[in-house]
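In UniProt numbering, the protein residues as written are 1 to 562.
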């Protein structure tokens, strides 16, 4: 941070006597007045009634035929059900179209107590049924206050954008309402899951005899991986519990996802037995330190259980050197897991799959299609190189569900290898998108995402007052500081400058959220002060939309800081 550029003198942002960041009071006041005006309007009975009257009049024009029609009528009148579902589809289609085209705000933000008061009766659940007119109105009101994650200016998380085919797949999934534990119930979807998991394993570079299962998310996938590593080393734990008498150690980078520690907690290994290996300036695990720590564990009589290599870290999108890590794991007989939740989809691109060089040597891999591939939440898989390991670690053979004398091939009864019983159908939307896009379409999307990231990286380099956190970005994520012009040229110590800069991103984030026109993430990293992070996973973004985001950061800064 001491090396951030210092440019021409400007109005003072930093008050030397109080050592505080100065905010323009003329800007702060309207932000505070938003809250007071909202509260005032809520308390004003006449204003509230007028607003409700306008809303009810509009909704009556749209859904008047549903007044006095209740849930029980859906069960007895097929026309009522058809009309209701068509209106719901129309509402959702409008919601999707408006946000994807940027016609609405990213968020209409209100604090929890304000939102609860504003929505009022809409949130109440009691003994009295509401008619379908009110139910549709409630849905419209709910969508109004949702964060529009398909908006081109929603860049707050790793999962952004709305794929229409994926959404259609999720609708069908809900309508079918299938459980995935047995073939007799899951039927065609169990076959789809097998096909898609084979497809994903083929991109890793494994042979046909691997295994895998869809899970509720990357955290659960990582828990599976650690459980499998433990089961291979200590299979008796499944029946006897944690009485092996030896200290088990898990290794992961200091910038890996917190779910590795969470997995250690859940599985009884303990978070203090997770050895966090330091990273280089690009966020990649230092392999020489990893090797030393493994030897230290062995010297102390411990058991190196698993190494987690992250391919696409959450913040800097760094890819750990899998091939070099695999050499160490192979030499020491350690389970190698690759957490590719964020960055694993680069395997779909011939241009960028080099980032995961050596991935075919790992024992298991987490891959989240609901991130870079743009599949609607949730869609995550744990992929395993060798077949039978999931079954061995988890199977309990419940005879009311997994009978061995069924009349069909019971190898398609996948539920017993899962830690769940009932399991949501997460595969159909991914299968449908793969059918509609093919390998080539997904490759184009991944390449577009990386192109947009590289474009943004270059624009950040070119702009005054913007500074990249790392100059060698690997994944489709760009992290940077914005330094208000008023800060440049100030005679500040490195500590003072760091403290002041750490307050810039949160303040701009507050302003953009209250304004509602975009959402970005910010965070610190180690000793580094808060910076913005833009992770790109929406291929429908444009270069001009990214230019607008950088322009808006500058505009908001001018409005906030004096």
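Heads up, the beta-carbon is just placed ideally off N, CA and C, and yes, glycines get one too.
Does the distance from the C-beta atom of residue i to that of residue j stay below 8 Å?
i: residue 87; j: residue 143; result: no
i: residue 541; j: residue 152; result: yes
i: residue 298; j: residue 233; result: no
i: residue 337; j: residue 380; result: no
i: residue 393; j: residue 238; result: yes
i: residue 182; j: residue 413; result: yes
i: residue 580; j: residue 472; result: Within the shown structure, residues of the chain are numbered from 1 to 562, placing residue 580 beyond reach of any answer.
i: residue 203; j: residue 347; result: yes
i: residue 278; j: residue 289; result: yes
i: residue 476; j: residue 341; result: no
i: residue 478; j: residue 504; result: no
i: residue 131; j: residue 185; result: no
i: residue 111; j: residue 66; result: no
i: residue 552; j: residue 518; result: yes
So, for residue i: in the same chain, excluding its five sequence neighbours on each side, which residues have a beta-carbon less than 8 Å away from its beta-carbon?
i: residue 323; result: 357, 358, 361
i: residue 164; result: 96
i: residue 267; result: 223, 226, 227, 230
i: residue 543; result: 452, 455
i: residue 352; result: 346, 446, 447, 450
i: residue 589; result: For the chain, the structure presents residues 1 to 562; residue 589 sits outside this window and is missing.
i: residue 209; result: 386, 387
i: residue 408; result: 183, 184
Going straight from the alpha carbon of residue i to that of residue j, what length do you get?
i: residue 382; j: residue 368; result: 9 Å
i: residue 395; j: residue 243; result: 21 Å
i: residue 467; j: residue 533; result: 12 Å
i: residue 90; j: residue 81; result: 14 Å
i: residue 301; j: residue 246; result: 8 Å
i: residue 423; j: residue 462; result: 49 Å
i: residue 332; j: residue 177; result: 46 Å
i: residue 155; j: residue 521; result: 7 Å
i: residue 292; j: residue 481; result: 34 Å
i: residue 526; j: residue 63; result: 54 Å
i: residue 138; j: residue 114; result: 17 Å
i: residue 366; j: residue 126; result: 42 Å
i: residue 411; j: residue 198; result: 15 Å
i: residue 123; j: residue 201; result: 44 Å
i: residue 495; j: residue 529; result: 10 Å
i: residue 215; j: residue 355; result: 25 Å
i: residue 498; j: residue 219; result: 33 Å
i: residue 217; j: residue 492; result: 45 Å
i: residue 421; j: residue 399; result: 13 Å
i: residue 273; j: residue 235; result: 20 Å
i: residue 335; j: residue 441; result: 34 Å
i: residue 120; j: residue 307; result: 50 Å
i: residue 507; j: residue 500; result: 11 Å
i: residue 191; j: residue 433; result: 16 Å
i: residue 41; j: residue 180; result: Reliability of the predicted coordinates at residue 41 is poor, the pLDDT of 48 falling under 50, and the value obtained from them is presented with this limitation in mind. Going by the C-alpha atoms only, they are around 49 Å apart.
i: residue 558; j: residue 511; result: 11 Å
i: residue 118; j: residue 94; result: 23 Å
CB-CB under 6 Å to residue i, same chain, minus the five flanking residues each way: which ones, in chain order?
i: residue 564; result: With the chain represented from 1 up to 562, any question about residue 564 goes unanswered, as that position is not in the structure.
i: residue 546; result: 456
i: residue 303; result: 246, 248
i: residue 313; result: 255, 283
i: residue 105; result: 516
i: residue 310; result: 253, 256, 320, 339
i: residue 436; result: 165
i: residue 373; result: 345
i: residue 326; result: 336, 358, 361
I believe residue i touches residue j by the beta-carbon criterion, under 8 Å. Please report the beta-carbon distance rounded to the nearest angstrom.
i: residue 275; j: residue 315; result: Residue 275 to residue 315, Cβ: 20 Å. No contact.
i: residue 445; j: residue 159; result: Wrong, their Cβ atoms sit about 14 Å apart, outside the cutoff.
i: residue 469; j: residue 531; result: 5 Å
i: residue 516; j: residue 98; result: 14 Å between Cβ atoms; not a contact.
i: residue 264; j: residue 270; result: 6 Å
i: residue 196; j: residue 431; result: 6 Å
Using a Cβ-Cβ cut-off of 7 Å (strictly less than) and excluding sequence neighbours within five positions of residue i, which residues of its own chain qualify?
i: residue 71; result: 129
i: residue 33; result: Reliability of the predicted coordinates at residue 33 is poor, the pLDDT of 46 falling under 50, and the value obtained from them is presented with this limitation in mind. Result list for residue 33: empty, nothing under 7 Å.
i: residue 170; result: 376, 429
i: residue 417; result: 213, 390, 391, 394, 395
i: residue 404; result: 410
i: residue 172; result: 428
i: residue 259; result: 218, 219, 222
### 4 or more residues per run - each alpha helix (DSSP H) lying fully within the region 442-480
Listed in chain order, nothing qualifies, since the region 442-480 has no complete alpha helix (DSSP H) run of 4 or more residues.
### Task
Just list the alpha helix (DSSP H) runs in the region 356-404, keeping only unbroken ones of 4 residues or longer that don't cross its boundaries, in chain order.
You should have 389-394.
### Query
Enumerated in chain order, which unbroken segments of the alpha helix (DSSP H) with a length of 4 residues or greater are wholly contained in the region 227-290?
Taking only runs of at least 4 residues, the alpha helix (DSSP H) segments lying wholly in the region 227-290 are 237-240, 259-266.
### Query
Of all the alpha helix (DSSP H) runs that stay within the bounds of the region 132-220, which reach a length of 4 or more residues?
The region 132-220 contains these whole alpha helix (DSSP H) runs: 132-145, 164-176, 183-186, 188-204.
### Message
Could you tell me which whole alpha helix (DSSP H) segments of length 4 or greater appear in the region 97-138?
### Response
Runs of the alpha helix (DSSP H) inside the region 97-138: 112-119.
#### Entry: Segments of 4+ residues assigned as alpha helix (DSSP H) that fall wholly inside the region 481-542
Segments of the alpha helix (DSSP H) lying fully in the region 481-542: 494-501, 504-515.
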